[in-house]
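Heads up, the sequence shown is in the working numbering, so the first residue is 33 and it goes up one at a time.
Below you'll find the structure, written out as structure tokens, and then a few comments.
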Amino acid sequence: MLERIIGLDVGDKWLGVALSDPMGIIARPLVVLERRDDFSDSETVIKLVNEYQAGKVVIGLPRLMSGHIGNQAEHVQHFASQVASLTDVPVLFQDERFSTADAQEIMKTNRKKKKAFFKQRDDAVAAAVILQDFLDQNRPAGGFS
33 MLERIIGLDV GDKWLGVALS DPMGIIARPL VVLERRDDFS DSETVIKLVN EYQAGKVVIG
93 LPRLMSGHIG NQAEHVQHFA SQVASLTDVP VLFQDERFST ADAQEIMKTN RKKKKAFFKQ
153 RDDAVAAAVI LQDFLDQNRP AGGFS
């Protein structure tokens, strides 16, 4: 693979960002950004894509438990189209139905500081969970050499 991938968890107030290693094996939380508007946030994502020379952007799509698209997923799709309009880098979706719960479980043992700090970190960890799910599902059949 040899390209970094940016992962996003798009919320109403926060935008969690994760980054893969160049081999596409491990995702890690990168930053949490306070949301402004779709256009400004899209420009910020593109700056990160350029800074880290990412070859893809993977955005968590919050489907309903039934698998259908709800209001939040429609908003995320709109945001994704805004990002895609600013770059030639592929913008892909990853089912994120369980990413926030997974992120909260990961963070549970570290909750010794203020709740607001950890809520924000949850978004970056959720982005890392989304991206890790994508990496795991798209790993080459023979593994890595």
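Here a beta-carbon is modelled for each residue, glycine too, at the ideal position from N, C-alpha and C.
Between the C-alpha atoms of Gly-39 and Ile-162 there is a straight-line separation of about 7 Å.
Excluding the 5 residues flanking it on each side, Tyr-84 has same chain C-beta neighbours closer than 8 Å at Arg-36, Ile-38, Leu-51, in chain order. DSSP places Gln-126 in the strand class (E or B) of the three-state scheme.
The beta carbons of His-110 and Asp-165 sit about 22 Å from each other, so the pair does not count as a contact at 8 Å. A Cβ-Cβ separation of about 5 Å places Val-108 in contact with Val-42 under the 8 Å criterion.
Rounded to whole angstroms, Ser-72 and Leu-118 show a C-alpha spacing of 11 Å. By the C-beta density criterion, Gly-99 is exposed, having fewer than 16 other C-beta atoms within 10 angstroms. Annotation: the stretch 41-108 contains the following complete segments of the beta strand (DSSP E) (minimum length 3 residues), in chain order: 46-52, 59-66, 86-93. Residues Ile-37, Ser-52, Gly-56, Ile-57, Ile-58, Ala-59 of the same chain have their beta carbon placed closer than 8 Å to that of Leu-167, with the five preceding and five following residues left out of the count. Here the C-alpha atom of Val-77 lies approximately 18 Å from the C-alpha atom of Asp-154. Leu-34 is classed as exposed because its beta carbon has fewer than 16 other beta carbons within 10 Å across all chains shown. CA-CA distance, Asp-127 to Leu-80, rounds to 22 Å.
According to DSSP, residue pairing for Arg-36 in a beta bridge involves Ala-86.
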